[in-house]
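The sequence shown begins at 357 in my numbering and counts up one residue at a time.
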Amino acid sequence: MAQLESAGVDFIIVDNSNADSTWPSAYYDQLFLDPVRILLDEMLTMRAEGLDTPHVVFWNRTSSAEPDPAFAGIGIRDEFYAPGTYDELFVEWGGKPLMLATDVVPTSLATTFTQRKMWGLQPSLGSSEWSFLQPHPQQVAMTGGMPEQVTVATAFQESYMSHPLTATPRRGGTTFASQWQRAFDVRPKIVTVTWWNEWIAQRFENGSGQTQFVDNFTNEYSRDIEPSSGPLGSRYLDYLTDYITAYKAHDPFPLGLVDSQVPLGGFETGTEGWLPGSGTATATSVFPSSPASIPAASTGAKLLSAESSAVAGATWRKVIRTFERPVDASQHRYLRLSLDHWGGAPGATDYEAVVTVRAQDGSSRTVTVLSPGGSWQSISIDLVGWPARNKVTEIEIGFRAVGSTAPWVSKFFVDDVRFTVT
Numbered sequence: 357m358a359q360l361e362s363a364g365v366d367f368i369i370v371d372n373s374n375a376d377s378t379w380p381s382a383y384y385d386q387l388f389l390d391p392v393r394i395l396l397d398e399m400l401t402m403r404a405e406g407l408d409t410p411h412v413v414f415w416n417r418t419s420s421a422e423p424d425p426a427f428a429g430i431g432i433r434d435e436f437y438a439p440g441t442y443d444e445l446f447v448e449w450g451g452k453p454l455m456l457a458t459d460v461v462p463t464s465l466a467t468t469f470t471q472r473k474m475w476g477l478q479p480s481l482g483s484s485e486w487s488f489l490q491p492h493p494q495q496v497a498m499t500g501g502m503p504e505q506v507t508v509a510t511a512f513q514e515s516y517m518s519h520p521l522t523a524t525p526r527r528g529g530t531t532f533a534s535q536w537q538r539a540f541d542v543r544p545k546i547v548t549v550t551w552w553n554e555w556i557a558q559r560f561e562n563g564s565g566q567t568q569f570v571d572n573f574t575n576e577y578s579r580d581i582e583p584s585s586g587p588l589g590s591r592y593l594d595y596l597t598d599y600i601t602a603y604k605a606h607d608p609f610p611l612g613l614v615d616s617q618v619p620l621g622g623f624e625t626g627t628e629g630w631l632p633g634s635g636t637a638t639a640t641s642v643f644p645s646s647p648a649s650i651p652a653a654s655t656g657a658k659l660l661s662a663e664s665s666a667v668a669g670a671t672w673r674k675v676i677r678t679f680e681r682p683v684d685a686s687q688h689r690y691l692r693l694s695l696d697h698w699g700g701a702p703g704a705t706d707y708e709a710v711v712t713v714r715a716q717d718g719s720s721r722t723v724t725v726l727s728p729g730g731s732w733q734s735i736s737i738d739l740v741g742w743p744a745r746n747k748v749t750e751i752e753i754g755f756r757a758v759g760s761t762a763p764w765v766s767k768f769f770v771d772d773v774r775f776t777v778t
């Protein structure tokens with residue numbers, strides 16, 4: 357609570373969206389009511405000690421499949437609102453305490469609460485309907501013709517957070533920045549931030565037995581903001597604090613709240629959305645092999661290995677990363693990557709690598725360099741002065757043997773692809 361208050365957060369939303377009326381009361385008490393009571397009591401204790409805290413709003417499951425969709429809201433009303441013990445903690449909106457619903461907005465609670473329906477990833481929003489998760493540019497909740505609420509997230513997914521072709525990771529804070537930019541453009545009364553305190557990584561399997569994770573997967577493919585002892589540290593709480601400070605002061609959108617490095621391919625958890633392009637048969641995330649047909653990774657433990665079929669040596673072999681949403685590289689100067697390969701193409705006089713960055717408007721930036729191979733080579737493209745670098749859609753990396761017409765099965769290797777400020 358002290359961290360959130362210091363960041364400028366006005367209220368927290370307590371997630372009760374999984375409540376089920378068939379749960380035994382003792383289980384529901386242990387899972388939800390008891391922890392909430394402890395939370396609220398601690399907040400009152402802090403306030404009694406002269407410490408400020410955010411306020412509280414409850415978000416309840418209101419499924420039409422329930423005998424009474426208001427069951428969770430009624431229970432919370434009777435447990436926490438009716439006694440009046442915690443009144444100073446609750447948010448008032450439209451003259452009544454605010455309560456959020458997942459589906460049906462219960463009429464039986466209308467006299468006690470101002471209610472709003474809230475869910476995530478909706479393609480459009482009804483009148484006064486909120487969202488907790490949206491791809492940017494986010495849908496905006498409208499009430500009475502005025503912007504009321506917009507959601508902001510550090511990352512988001514369409515289905516599973518571990519699906520790199522559809523999930524949008526943090527990308528070094530650029531996703532957070534794009535989402536906050538939408539809030540600064542629209543300026544609704546309420547900005548809800550997704551989210552805090554959801555470290556659980558729930559594992560599923562698809563029909564083929566492959567592992568899938570919903571909300572949290574890796575450091576980049578997760579949404580949690582609270583500080584950790586790992587690589588993320590307190591950066592996202594710091595970013596949040598600065599965004600809130602500027603938003604409440606009606607200052608312009610603040611720049612510089614991104615990491616100096618935006619990872620685009622480290623290959624520690626798989627190919628991370630990189631796919632074989634023309635001339636390439638396979639692209640796989642691999643460890644070094646012995647004998648050294650695959651070199652040690654440039655960074656980390658694994659790298660991307662691209663293998664061609666038997667095509668002419670001078671044919672470009674390519675790997676491609678097409679992003680699920682355009683990536684904003686406007687606060688970074690370079691695209692950098694490491695490339696390596698083995699020689700041996702019959703008749704080759706040299707070897708070349710090519711890197712192309714494409715944008716949504718169809719423009720691109722390309723660099724072609726000689727590539728001696730046998731060790732990692734750093735390749736970079738300077739993006740400064742390119743107007744379209746705020747909407748990068750694709751990166752293509754290629755390799756070939758110059759002057760070789762004979763068929764050649766080749767391998768080249770890519771690692772540590774990133775946008776960087778230096």
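Just so it is clear, CB atoms sit at the ideal spot from N, CA and C, and this is done for glycine as well. Keep in mind that this is a model prediction, so the values were computed, not measured.
- Across the structure, residue 722 and residue 754 are spaced so that their CA atoms are roughly 11 angstroms apart.
- Its Cα nearest to that of residue 653, the residue 771 stands out among 771, 592, 385, 409.
- As DSSP reads the structure, residue 695 sits in a beta bridge with 733, 770.
- Taking a C-beta distance under 7 angstroms as the contact criterion, residue 713 and residue 737 qualify as a contact pair.
- When the Cα atoms are used, residue 503 and residue 586 turn out to be separated by approximately 37 angstroms.
- When secondary structure is reduced to three states using DSSP, residue 381 falls in the helix class.
- With 16 or more other CB atoms across the displayed protein chains lying within 10 angstroms of its CB, residue 425 is buried.
- In the structure shown, the three-state DSSP call for residue 746 is helix.
- A distance below 7 angstroms between beta-carbons, with the five flanking residues on each side excluded, links residue 480 to the following residues of its chain, in chain order: 495.
- Straight-line measurement puts the Cα of residue 630 at about 23 angstroms from the Cα of residue 764.
- The shortest CA-to-CA distance from residue 491 to any of 689, 477, 545 is the one to 477.
- Counting only residues of its own chain and dropping the five nearest sequence neighbours on each side, residue 758 has a CB closer than 7 angstroms to the CB of 670, 704, 705, 706, 707, 708.
- With contacts defined by Cβ atoms closer than 7 angstroms, residue 517 and residue 577 form a contacting pair.
- In this structure, the beta-carbon distance from residue 537 to residue 469 does not fall below 7 angstroms.
- In the three-state reduction of the DSSP assignment, residue 679 falls in the strand class, which pools E and B.
- Bridge pairing for residue 471: 455 [DSSP].
- A Cβ-Cβ separation of about 5 angstroms places residue 673 in contact with residue 636 under the 8 angstroms criterion.
- Annotation for residue 409: 357, 361, 399, 402, 403 place their beta carbon closer than 7 angstroms to its own, counting only its chain and skipping 5 residues before and after.
- Ranking 486, 493, 692, 575 by CA distance to the CA of residue 505 puts 486 first.
- Membership of residue 361 in the alpha helix (DSSP H) is indicated by the continuous run 358 to 363.
- Boundaries of the alpha helix (DSSP H) around residue 431: 427 to 432.
- Residue 541 and residue 500 have their alpha carbons spaced roughly 19 angstroms apart.
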